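Below is one structure, written out as structure tokens; comments come after it.
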Amino acid sequence: EIILIQDADLEYDPADYRALVRPIVAGRAEVVYGSRIHGAKVFGTNKYSYFHFYWGGRLLSWLTNLLFGVRVTDESTGYKVFSRNALEQILPLEYRGFEFCSEVTAKLARRGIRIHEVPIHYYPRSRAQGKKITWRHGVQAVFTLLHFRFARPAKTPQDREVLAGSQADVKL
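As numbered in our numbering, residues 1 to 172 make up the sequence shown, in order.
Structure representation (structure tokens):
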């Protein structure tokens, strides 16, 4: 009944699982993001391998808050936890790359599902260790946010059934 997504690159600490799942188990949230920013010193506990990764993430979070009227500190976190109900409300998902984070956050916001954040531990990798993200990924994330903000919302399966039934009753 709870789905946890964690980037597989060991930047996120599995010891944080309990803190991430607790708000859902307690019924206080349907979605929890692990925030590298919330409750941490900018370059204290959670150090970023590169200065521009920190500011790029902050920019994406700011843009998300502006476009969708939400309040998140770490939109691009690789630690996301969902109740089954919340995840089913945003399916299907289109993206598999870095844009996945922006798509998920945008769809949650459009459905009115509040995102709860908890502080997490973060151990960034360097490029030498295999960090692959570039500025292009950030640009893709911005376009993804804009797409989901201004695109017409997709119909849910229930909406499609209602529309199909009402169209069948209309004689042209």
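Backbone N, C-alpha and C fix where the C-beta goes; we use that ideal spot for every residue, glycine too.
None of these values were measured; they are calculated from a predicted model.
Query	Result
Would a C-beta distance cut-off of 8 Å place residue 120 and residue 79 closer than the cut-off?	yes
Whole angstroms is fine: what's the gap from residue 85's alpha carbon to residue 31's?	10 Å
In whole angstroms, what separates the C-alpha of residue 116 from that of residue 33?	6 Å
Quick one, which of 66, 144, 77 has its alpha-carbon nearest residue 118's?	77
Within 10 Å of its beta-carbon, does residue 151 have 16 or more other beta-carbons around it, so buried, or fewer, so exposed?	exposed
Kindly identify the DSSP beta-bridge partner or partners of residue 14.	DSSP lists no partner for residue 14.
Relative to the C-alpha of residue 81, which residue among 108, 140, 142, 61 is closest?	108
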